[in-house]
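Notes follow the structure.
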Amino acid sequence: MNFDFQSQDLAAAAQEKCDALLVLVPDGARVGRSPLDGLVAQAIKDGDLDTKGAKPLSAYRSGQVKADRLVLVGIAGGSAAQVRAAVASAMALVKSPKLKRLVVAFAAPAQEAALRAAVVAVADSSYVFTHTKSKPASRTITAVRLCAPESTVFAVQGRTDIQRRVEATVAGMELAKEWANRPANHATPTLLAKAARDLVKAAGSSRFSCEVLGPAQVAKLGMGAFMAVAQGSSEPLRFIVLRYNGAAKTAAPTVLVGKGITFDSGGISIKPSAEMDEMKFDMCGAASVLGTFKALTLLKPKINVVGLIPSCENLINGQAVKPGDVVTSMAGQTIEILNTDAEGRLILCDALTYAERFKPSAVVDVATLTGACVVALGSIRSGLFSPDDGLATSLLDASERAQDPVWRMPLDEEYAEGLKSNFADVANIAGRMAGSVTAAKFLQRFTEKFAWAHLDIAGTAWKSGPQKGATGRPVPTLVEFVCSRSESP
Ligand code: BES
Ligand code: MN
Ligand code: ZN
5 MNFDFQSQDL
15 AAAAQEKCDA
25 LLVLVPDGAR
35 VGRSPLDGLV
45 AQAIKDGDLD
55 TKGAKPLSAY
65 RSGQVKADRL
75 VLVGIAGGSA
85 AQVRAAVASA
95 MALVKSPKLK
105 RLVVAFAAPA
115 QEAALRAAVV
125 AVADSSYVFT
135 HTKSKPASRT
145 ITAVRLCAPE
155 STVFAVQGRT
165 DIQRRVEATV
175 AGMELAKEWA
185 NRPANHATPT
195 LLAKAARDLV
205 KAAGSSRFSC
215 EVLGPAQVAK
225 LGMGAFMAVA
235 QGSSEPLRFI
245 VLRYNGAAKT
255 AAPTVLVGKG
265 ITFDSGGISI
275 KPSAEMDEMK
285 FDMCGAASVL
295 GTFKALTLLK
305 PKINVVGLIP
315 SCENLINGQA
325 VKPGDVVTSM
335 AGQTIEILNT
345 DAEGRLILCD
355 ALTYAERFKP
365 SAVVDVATLT
375 GACVVALGSI
385 RSGLFSPDDG
395 LATSLLDASE
405 RAQDPVWRMP
415 LDEEYAEGLK
425 SNFADVANIA
435 GRMAGSVTAA
445 KFLQRFTEKF
455 AWAHLDIAGT
465 AWKSGPQKGA
475 TGRPVPTLVE
485 FVCSRSESP
């Protein structure tokens, strides 16, 4: 799917030959004199188009436009959320196997946030998962044109900048969605590692590289916590190391760590059966790191980035780790595994220790870590944990710009109290309260050597119910964050 941006008004948009034209109308839009402008004005006057609501008004082969199908939809104040909702409802009306060329026209000048929201909404509502369907109906849209009357956005930044950033973000989100949606038998740690290698190969640039470690190398490194999780499955673990060198060799890299549990049964502390299928999404952190690297291949910012993905299944065979087992992490800290379902922190702590060797300027881990985070923040905001105010602020800012919001959570030392163990340096669970915070406190023990932040995406990375599927979050935040750390060109 190709996106392009045109600085043009409704009169010009009406002349676009396309399968569908969506016209986004804000409150109080000053309409021009073209026939399409007249139609919009009349629809508002007659009360058939409510600029406040996201209820679209549609027509077939209307005389005012060259498009086969025309949809008018209100975007009220024109905020990102309003644009997203409006585009989604309009897209539902024009979705058809014949839809190839789409034009989305703003009736009034639009800010960058609104353009970005429109692109992401078009991509989102036209994404189709086909990998495991026998007769797939794949995406038909090939070209999308965004139009807005001459606006500050184009004048100040040049339309290619915006276009590149949002296109790369969408490509990253779609790669993340694709791998997250694949069932666990089609997305094993080995296949995830192959996806990482293929991504680097497709980039066709020596600035990208990928190294994959297997069980023997991980054992040699002493990653006892990671190995303990993997030992309950006959599917071998993989530790994926992605690198992007966009800056001087001496520049300290930003490290992204993604939880890559390709299926989380809970292990011997087994999960209930209902909705257990959704635990194929327990590698959404890993998928978001892959997605961010995909965006990097398109944007090539001046920064060094390392992606680390510990990946394995959390299953239950005769060798599976047992509640009460004590293992030794790569950092040398011993861990009493009181609950085998608290496995994410076990694979992440060894990846965090591995990150030390890069002398990073910052490390951000991304994980579907706790059900408690879903209880705390629902599916709106991801949880952000960081003892570093500067790093926290730059992630918060990036997430707002990216329309992929996060919320900062506390890390007071008192929260670590419950992690004490009589038999090891630390236990892998605390009490029932503040579960997302105690999980973060566990991880924090392994981050003394660098600036660190943790994103708990358990509530935001996928949707349940009839719309079940990955969201591609938090790729937009990560792309924005990484780009904000690059030297400006
Ligand atoms: N992958 C889960 C977290 C999760 C659960 C994400 C539900 C999204 C929806 C994680 O490995 C897990 O099982 N965490 C436990 C921790 C507990 C045992 C301390 C949880 O949240 O219940
Ligand atoms: Mn678990
Ligand atoms: Zn898990």
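In our numbering, the protein residues as written are 5 to 493. Here a beta-carbon is modelled for each residue, glycine too, at the ideal position from N, C-alpha and C.
{"Asked": "G348 CB to nearest heavy atom of the ligand ZN below 7 Å", "Found": "yes"}
{"Asked": "Spatial distance of E239 from L196 (CA atoms)", "Found": "12 Å"}
{"Asked": "Distance between D52 and L26 (C-alpha atoms, nearest Å)", "Found": "16 Å"}
{"Asked": "Contact under 8 Å by Cβ, A290 with I313", "Found": "yes"}
{"Asked": "For N308: DSSP bridge partner residues", "Found": "N249"}
{"Asked": "Outcome for Y64 when other beta-carbon atoms lying within 10 angstroms are tallied against a minimum of 16", "Found": "exposed"}
{"Asked": "Cβ contact (3+ pairs, closer than 8 Å) linking the stretch 245–262 and the stretch 287–306", "Found": "yes"}
{"Asked": "G476, buried or exposed, once every other Cβ within 10 Å from all chains shown has been counted against 16", "Found": "buried"}
{"Asked": "Test item: CB-CB of S390 and A457 under 8 Å", "Found": "yes"}
{"Asked": "L373: CB within 7 Å of a non-hydrogen atom of the ligand BES", "Found": "yes"}
{"Asked": "Check: G469 C-beta below 7 Å from any heavy atom of the ligand MN", "Found": "no"}
{"Asked": "Spatial neighbours of S66 in its chain, beta-carbon cut-off 6 Å, leaving aside the 5 residues before and after", "Found": "L74"}
{"Asked": "Coarse secondary structure for C353, derived from DSSP in three states", "Found": "helix"}
{"Asked": "Nearest neighbour of A255, chosen from M5, S490, F450 [CA to CA]", "Found": "S490"}
{"Asked": "Beta-carbon gap between W411 and A184 smaller than 8 Å", "Found": "no"}
{"Asked": "Cβ-based neighbour list, A118, same chain, cut-off 6 Å, excluding 5 preceding and 5 following", "Found": "G82, V87"}
{"Asked": "G270 beta carbon near the ligand MN (any heavy atom closer than 7 Å)", "Found": "yes"}
{"Asked": "Per DSSP, the bridge partner or partners of G264", "Found": "S315"}
{"Asked": "Close Cβ partners of K326 (< 8 Å) along its chain, the five nearest in sequence each way excluded", "Found": "I272, I341, T344"}
{"Asked": "Inter-residue spacing [alpha-carbon to alpha-carbon] between E20 and V148", "Found": "11 Å"}
{"Asked": "T451, DSSP secondary structure in three states", "Found": "coil"}
{"Asked": "Where T146 sits in the DSSP three-state scheme", "Found": "coil"}
{"Asked": "Host beta strand (DSSP E) of L28 (start-end)", "Found": "24–30"}
{"Asked": "Beta strand (DSSP E) runs contained entirely in the stretch 44–115, provided each spans 3 or more residues", "Found": "61–64, 73–80, 105–110"}
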